[in-house]
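Structure, as structure tokens:
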Amino acid sequence: SDLEKFITALPKAELHLHLEGSLEPELMMELATKNNIELPYKNVDEIRKAYDFSNLQDFLDIYYQGMNVLQGEEDFYALTMAYLQKVAGEGVVHVEVFYDPQGHTSRGVSFSEATNGILRALDDGQEELGVSSELIMSFLRHLSEEDAFATLKEAEPWFDGRIVGVGLDSSELGHPPSKFERVFEAAREMGLKLVAHAGEEGPAEYVREAIELLKIDRLDHGNRTIEDSDLTKELARSGIALTVCPLSNLKLCGVSDMKEHPLKKMMNAGLKVTVNSDDPAYFGGYMTANFLSVAEALDLSKSEIAQLCHNSIEGSFLTDEEKAPHI
Ligand code: HPA
Ligand code: ZN
Numbered sequence: 002s003d004l005e006k007f008i009t010a011l012p013k014a015e016l017h018l019h020l021e022g023s024l025e026p027e028l029m030m031e032l033a034t035k036n037n038i039e040l041p042y043k044n045v046d047e048i049r050k051a052y053d054f055s056n057l058q059d060f061l062d063i064y065y066q067g068m069n070v071l072q073g074e075e076d077f078y079a080l081t082m083a084y085l086q087k088v089a090g091e092g093v094v095h096v097e098v099f100y101d102p103q104g105h106t107s108r109g110v111s112f113s114e115a116t117n118g119i120l121r122a123l124d125d126g127q128e129e130l131g132v133s134s135e136l137i138m139s140f141l142r143h144l145s146e147e148d149a150f151a152t153l154k155e156a157e158p159w160f161d162g163r164i165v166g167v168g169l170d171s172s173e174l175g176h177p178p179s180k181f182e183r184v185f186e187a188a189r190e191m192g193l194k195l196v197a198h199a200g201e202e203g204p205a206e207y208v209r210e211a212i213e214l215l216k217i218d219r220l221d222h223g224n225r226t227i228e229d230s231d232l233t234k235e236l237a238r239s240g241i242a243l244t245v246c247p248l249s250n251l252k253l254c255g256v257s258d259m260k261e262h263p264l265k266k267m268m269n270a271g272l273k274v275t276v277n278s279d280d281p282a283y284f285g286g287y288m289t290a291n292f293l294s295v296a297e298a299l300d301l302s303k304s305e306i307a308q309l310c311h312n313s314i315e316g317s318f319l320t321d322e323e324k325a326p327h328i
């Protein structure tokens, strides 16, 4: 369509993507066979049928099970390269991707195997596809502060520019940002960028904690921010970017219909909104699909779509010189 061509042609960055959430059923089956991992599915159709979620936790249970097929460095390489190939054709010029090291070290896959496989693919993606990238490691918030600190320590050899930041993901309700205040303070002192999921299922108060206690540089999701008008004004004034994920919100029932999605309200409130795919293999689409779905449902203008793409370059961790060619 005309709209699809318009979206694809705009240079943009993806700022909210969990690499493990880009594991397509075909690669999952292939790696399960190669690595002798038992899956509760006989084929890719059965896998796709299982992707019917009522909330975040429903998804997370399936997501952690899926990532069990990732074993050696080569598997992380294949996962990452497949994602980069998908988005390179969608006008994505830069990506800042998350991974969940604790989801791997907890089942006996070493931190270095996972990390080095991903980094090698990111290097090759820059070289072969022209997509620049940064790597952010996320802490699983359902695990303890102590576990997060141990992961931060294990990752230190990669803080020479290979891992540029830390994030916070997994089950939000009951695990407020305040639980990780000291870990984020330590990460900040190490010169790392800071992001956190907040206001996806959790209340606006969690967004406030992420900003005031964790002192984040960017907010992941943040949909529920607009329930608090003072917070919304403060966040708009701060210029902090929000990484909104429309298809994710629909699949996890944060909205019951894309027409109910708060993205336009968030933009109109002055928030620096970006569009992202979160876990595209599980939620039914990569960047273009997310843009198309929300643009059609909310009747976004071309200038609003261009603004969203512009915000993604603006809100990235690229330097001003690195941003310049994409603006
Ligand atoms: N929210 C929280 N944790 C996650 C997500 C998400 O959307 N995707 C992968 N881990
Ligand atoms: Zn996410």
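With full-length UniProt numbering, you'll find the sequence shown wraps up at 328, consecutive numbering, no jumps. We treat Cβ as the ideally placed atom computed from N, Cα and C, and that holds for glycine. In this text the structure is predicted, and so the values were computed from the model without any measurement.
- Taking C-beta atoms as the reference points, Leu309 and Phe284 fail to come closer than 7 angstroms.
- For Leu301, the number of other beta carbons within 10 angstroms of its own is at least 16, and it is reported as buried.
- Those residues that bring their Cβ nearer than 6 angstroms to a heavy atom of the ligand ZN are His17, His19, Asp170, His198, Asp221, Asp279.
- For Val208, the enclosing alpha helix (DSSP H) has its first and last residue at 205–213.
- At least 7 angstroms separates the beta-carbon of Glu210 from that of Ser257.
- Going by beta carbons, Glu202 and Leu4 fall outside the 7 angstroms limit.
- In this chain, the alpha helix (DSSP H) harbouring Met30 covers 26–36.
- Here DSSP, grouped into helix, strand and coil, assigns Val98 to strand.
- With respect to the 7 angstroms criterion, Val94 and Pro12 are classified as neighbours on the basis of their beta carbons.
- The continuous stretches of beta strand (DSSP E) do not include Asp218, and DSSP gives it neither H nor E.
- Distance from Leu153 to Val184 at the Cβ level is roughly 6 angstroms; contact confirmed, criterion being Cβ atoms closer than 8 angstroms.
- The criterion of a C-beta distance shorter than 7 angstroms is satisfied by Glu25 and Ala282.
- Membership of Val167 in any alpha helix (DSSP H) is not indicated; the residue belongs instead to the beta strand (DSSP E) covering 164–170.
- When the beta-carbon positions are compared, Leu18 and Asp76 stay at least 7 angstroms from each other.
- Residue pairing by DSSP places Val256 in no beta bridge whatsoever.
- Secondary-structure assignment with DSSP links Phe140 through a beta bridge to Leu169.
- DSSP places Leu80 within a helical segment (H, G or I) once states are collapsed to three.
- For Leu153, the enclosing alpha helix (DSSP H) covers residues 146–156.
- When the five nearest sequence neighbours on each side are left out, the beta carbons in the same chain lying within less than 8 angstroms of the beta carbon of Lys303 are those of Phe7, in order along the chain.
- For Asp62, the closest of Ala115, His143, Leu220 by C-alpha to C-alpha distance is His143.
- Per the coordinates, the alpha-carbon of Met82 lies some 8 angstroms from the alpha-carbon of Asp125.
- Spatial neighbours of Arg189 in its own chain (CB-CB distance under 7 angstroms, excluding positions within 5 residues in sequence) are listed in chain order as Leu195, Lys216.
- When the five nearest sequence neighbours on each side are left out, the beta carbons in the same chain lying within less than 7 angstroms of the beta carbon of Gly73 are those of Glu114, in order along the chain.
- Each of Glu39, Asp59, Thr275, Glu157 was checked against the Cα of Met138, and the nearest Cα belongs to Glu157.
- Within 6 angstroms of the C-beta of Gly223 there is not a single heavy atom belonging to the ligand HPA.
- Straight across, the Cα-Cα distance linking Leu16 with Asn44 is about 31 angstroms.
- Ser134 sits in a strand when the DSSP states are folded into three classes.
- Lys252 and Asp59 have their C-alpha atoms spaced approximately 11 angstroms apart.
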